[in-house]
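Numbering (this note's numbering), first residue to last: 131 to 617.
Notes follow the structure.
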RNA sequence: GGCGCUAUGGUGUAAUUGGUUAACACGCCGCCCUCUCAAGGCGGAGAGUUCGGGUUCGAUCCCCGAUAGCGCUACCA
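Given below as structure tokens:
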């Protein structure tokens, strides 16, 4: 075991702001967060924005928004690599001075051409190291004369570079397979290879938990740690998240941005729980359970539970987590979340808060997502709601039924009591009197009251809505015009 | 193409690390409940562990090979 495992861990999430926070990044952030919290360590947020072409401030904000939504707080940062260029230049200097790096005067065009030639000839397209042999004095002179040059790392000619990955075990690469990669571009901006290690060293990171897509980059980093004479951190590569077709998750598969899930009405805790179990397992001791609070996740999390194979993002399972969380939430907790939805949907609930909470309580077992509160459940909160056409044709198409509902409204208007028992009694009695099945009136009432064919128990709905509203809505369907659906 | 990694029902994962009728959850199907839809209860289908070789009394588990998928292969990160 590396000795630094005994220190309190320092980990980081280091997204590059070339896009919003996507699910893979969110999962990496989550794992780092869980790890840090589990050990009482430190989570650092570092924005890797050295690609000025593709990075943007809006994306930085988007990433922070995603982190906040998921409830992933960090202890240090955010640091921006674009503001730490001196560190990278100094690190490059160090490598240059110790002979681990050299100036390369090849231009981008030359390199591209040679790569194409190599590919055509069936040779590996690696850099041919031609500038490595330029002696230092000449190189310095050319640079001093103003010739543009990059700085490349001098990869050892023979042997192999390996590291012990906390999830994959020993991973080894022949040095002959590693090219002399660029550390500093000719404009003085570091490449990822340099800035990661410079920062990871400077920030005293103990564990690097990141996507498995970085496995192949790791030997380049290990080489630099050695050249710099510093101990390597513990690497833990996390398998990737794939789409349902087992190809890399992309827009093709639907939402890839975390915020899109917020907009779909997913509860952040549900998303977090779902994400935590993608590529990680708390072990056989907990295999009979899938719902874990964040405290439990923190307590249970460990690198040894991370699996080696890629995981497929399953929307159905996410939906299940979401319904579980919504159902388990207190109405009070759901209220602000529902409010957001009402605002977005231009729905202004006019009822007293106690009634709104009661309605939420009634509805939450049937909610699939937060959007339902402003969509299918709108009639519980506002008197302005629409009728689902399918529900209408299914249960209110019959004019006779509509007429009976009008009559029923009068019965309710005259009723003194208005409880679940009494309302049911009235309806069933009325149905019997009219010689028809109660079901037809119940279903019709449901649509009249809620606009939907699906709802909680009708009489519970009536009590929640209140006598006045029930009477009004039942009476209103009498004059409803129902068009035959187009065949 | 080269290099690396991975491989248990449709999906996520278990399997005391060589001895189980291969387990759990999601999804799917059916039944019950019932005023609808969920939920809930009960039951079911679905993998013999990618394939082929070994090692072993015995392999999901160890070894080799093949195949497939993914990743990397930039003066992107």
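Cβ coordinates follow ideal geometry from the N, Cα and C atoms, glycine included.
- The DSSP assignment places 206 to 210 as complete runs of the beta strand (DSSP E) inside the stretch 192 to 225, in order along the chain (cut-off: 3 residues).
- Less than 8 Å separates the beta-carbon of residue 604 from that of residue 542.
- When 384, 538, 314, 171 are compared, the shortest CA-CA separation from residue 224 is found for 314.
- From the listed residues 545, 526, 608, the smallest Cα separation to residue 576 is found for 526.
- If you draw a straight line from the Cα of residue 510 to the Cα of residue 529, it comes to about 25 Å.
- A distance of 8 Å or more separates the beta carbons of residue 158 and residue 384.
- Residue 433 and residue 229 have their C-alpha atoms roughly 36 Å apart.
- Straight across, the Cα-Cα distance linking residue 291 with residue 349 is about 6 Å.
- Three or more pairs of CB atoms, one per stretch, sit closer than 8 Å, so the stretch 156 to 175 contacts the stretch 189 to 209.
- Sequence-distant Cβ neighbours of residue 193 in its own chain, meaning closer than 8 Å and more than five residues away, are 145, 147, 150, 151, 155, 177.
- In the structure shown, residue 391 adopts helical secondary structure according to DSSP, grouped into three states.
- In this structure, the beta-carbon distance from residue 466 to residue 337 does not fall below 8 Å.
- In the three-state reduction of the DSSP assignment, residue 261 falls in the helix class, which pools H, G and I.
- Put simply, of 181, 544, 492 the residue whose alpha carbon is nearest the alpha carbon of residue 320 is 181.
- A direct Cα-to-Cα measurement between residue 173 and residue 573 gives close to 55 Å.
- Judged by DSSP in its simplified three-state form, residue 183 adopts coil rather than helix or strand.
- A residue is called buried once 16 or more other Cβ atoms fall within 10 Å of its Cβ, and residue 495, having fewer, is exposed.
- Scanning 435, 478, 431, 492 for the CA closest to the CA of residue 460 turns up 492.
- Counting along the chain, residue 295 sits inside the beta strand (DSSP E) bounded by residues 290 to 295.
- The straight-line gap separating the alpha-carbon atoms of residue 196 and residue 393 is approximately 12 Å.
- Counting only residues of its own chain and dropping the five nearest sequence neighbours on each side, residue 396 has a CB closer than 8 Å to the CB of 448, 452, 499, 500.
- In the three-state DSSP reduction, residue 171 falls in the coil class, being neither helix nor strand.
- The beta-carbon separation of residue 368 and residue 308, rounded to 23 Å, does not stay under the 8 Å limit for a contact.
- Restricting attention to beta strand (DSSP E) runs no shorter than 3 residues, the stretch 474 to 544 encloses none.
- In the displayed model, residue 155 falls within a helix according to three-state DSSP.
- Of the residues assessed, residue 504 falls on the buried side of the cut-off, its CB having 16 or more other CB atoms within 10 angstroms.
- For the pair residue 556 and residue 456, the Cα-to-Cα distance works out to about 33 Å.
- In this model, residue 238 and residue 403 are separated by some 46 Å (Cα to Cα).
- Taking C-beta atoms as the reference points, residue 535 and residue 600 fail to come closer than 8 Å.
- Here residue 293 is not near residue 438, since their CB atoms are 8 Å or more apart.
- If the five residues before and after residue 454 are omitted, its C-beta is found closer than 8 Å to the C-beta atoms of 400, 421, all from its own chain and listed in chain order.
- Taken through DSSP and simplified to helix, strand or coil, residue 275 comes out as coil.
- For the 8 Å CB-CB criterion, residue 583 and residue 591 do not form a contact.
- In the DSSP assignment, residue 142 falls within the unbroken beta strand (DSSP E) covering 140 to 143.
- For the pair residue 343 and residue 370, the CB atoms are nearer than the 8 Å cut-off.
- DSSP, reduced to helix, strand and coil, places residue 350 within a helical segment of the structure shown.
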